[in-house]
Amino acid sequence: MEEPVDTATAILASAAVLLRERTFDDISYRVLADEVGISERTIYRQYPTRAHLLAALSNWIEQTRFPLPPFVTVSDFRAAVHERFRAFDASPAYAYVGARASAISPTLDTEPAYITRAIEAMLDVAAPTLNRRDRRRVAASLRYFSSAMFWARLRTGFDLDAGEICDAFDHAVDTVLARLPDATWAEPLARLPDSTRAEPLARLPDPARAEQLARLPDPARAEP
Numbered sequence: 056m057e058e059p060v061d062t063a064t065a066i067l068a069s070a071a072v073l074l075r076e077r078t079f080d081d082i083s084y085r086v087l088a089d090e091v092g093i094s095e096r097t098i099y100r101q102y103p104t105r106a107h108l109l110a111a112l113s114n115w116i117e118q119t120r121f122p123l124p125p126f127v128t129v130s131d132f133r134a135a136v137h138e139r140f141r142a143f144d145a146s147p148a149y150a151y152v153g154a155r156a157s158a159i160s161p162t163l164d165t166e167p168a169y170i171t172r173a174i175e176a177m178l179d180v181a182a183p184t185l186n187r188r189d190r191r192r193v194a195a196s197l198r199y200f201s202s203a204m205f206w207a208r209l210r211t212g213f214d215l216d217a218g219e220i221c222d223a224f225d226h227a228v229d230t231v232l233a234r235l236p237d238a239t240w241a242e243p244l245a246r247l248p249d250s251t252r253a254e255p256l257a258r259l260p261d262p263a264r265a266e267q268l269a270r271l272p273d274p275a276r277a278e279p
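When the letters of the sequence shown are read in order and numbered with the numbering used here, they come out as residues 56 to 279.
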């Protein structure tokens, strides 16, 4: 028999509390069960593997701690991500969980993240001439550059603060959108002043070319 939905929520909420004092790797199912007041078996019913737990915890944290403000235009999207990165800086331990979850491939069939759907909807309005392939490619790139993984790698690998990461994000967005000269945009693309620390990122138009970032140390165990 399936456990009640609120049991799953209690497990995730307790795991989030434990993250204030330890890393995800240090949270055993036994410790988590004691925190929630349930048996380990109950946790295993909800999350058979730690990969399942990590994915669920990351999604829960994203929705409860780092909800992305609504956006319709590209300018709105930039502002929403800037706010998100500042929230990451304020609660890095939680943000690192999202980065860690993005780096693994749990054996789960999950629907696209709500952020991806929101980005695709934005592109449908802002650039209606984009074909399906380009829309997916641009959405995937923007989703990566707005992610906890992007924030974590720049923070741990380059010691950038939220403001500098926002500058790097803006450079990356400009580069991605500039590759679509035939698209009819609803508004001009805002250009921010160059940031010397973000300059290398301006040449990374999509996740596939972010190899220099991918070689940075795993941020998941970085100290909050």
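The C-beta atom is built at its ideal place from N, Cα and C for all residues, glycine as well.
Same chain, Cβ closer than 7 Å to residue i, neighbours up to 5 away in sequence not counted
i	result
THR117	It should be pointed out that residue 117 corresponds to Glu in this sequence rather than to Thr. Here the set comprises GLY153.
SER146	ARG120
SER113	VAL152, GLY153 and ALA156
SER94	ALA88
LEU67	ALA111, LEU112 and TRP115
SER69	LEU87, GLU90 and VAL91
VAL127	MET177 and VAL180
ALA63	GLN101
ALA207	ALA150, TYR151, ALA154 and PRO274
ARG190	GLU175 and LEU178
ARG75	ALA148
ILE98	ILE66, TYR84, LEU87 and ALA88
Candidates the options, of which the one nearest residue i by Cα
i	options	result
ASP144	GLY92, LEU235, ARG210 and LEU109	ARG210
ILE170	TYR149, THR64, PHE140 and PRO125	PRO125
THR137	LEU235, PHE213, ALA223 and ALA233	The residue asked about is misnamed: residue 137 is His in this sequence, not Thr. The shortest C-alpha separation from HIS137 is found at ALA223.
ARG141	ARG85, ALA217 and ARG75	ALA217
ASN186	GLY212, LEU235, ALA150 and ALA148	LEU235
ALA106	ALA148, LEU74 and ILE159	ILE159
PHE132	LEU197, ARG77, ALA63 and ARG191	LEU197
ALA194	PHE213, ALA168, ASP214 and GLY212	ALA168
ASP229	LEU215, ARG77 and SER130	SER130
Close Cβ partners of residue i (< 6 Å) along its chain, the five nearest in sequence each way excluded
i	result
ALA65	VAL91
LEU123	ALA135, ARG139 and ILE170
LEU108	TYR102
ILE220	PHE140, TRP206 and LEU209
LEU215	LEU209
ASP61	none
Same chain only: Cβ atoms within 8 Å of residue i, ignoring 5 sequence neighbours per side
i	result
LEU73	ILE82, VAL86, LEU87 and GLU90
Any chain C beta carbon closer than 9 Å to residue i
i	result
GLU175	Annotation note: the requested chain C is absent from the structure, which comprises a single protein chain.
Margin query: So within the segment 97-132, which uninterrupted alpha helix (DSSP H) runs reach at least 4 residues, ignoring any that extend past its ends?
Written below: 105-119
Checklist line | Uninterrupted beta strand (DSSP E) stretches inside the segment 161-233 (no shorter than 3 residues) | finding: none
Margin query: Could you check whether the segment 201-220 touches the segment 176-183, counting it as contact only if at least three pairs of C-beta atoms, one from each stretch, sit closer than 8 Å?
Written below: no
Check: What runs of the alpha helix (DSSP H), each 4 residues or longer, lie entirely inside the segment 65-98?
Finding: 84-91
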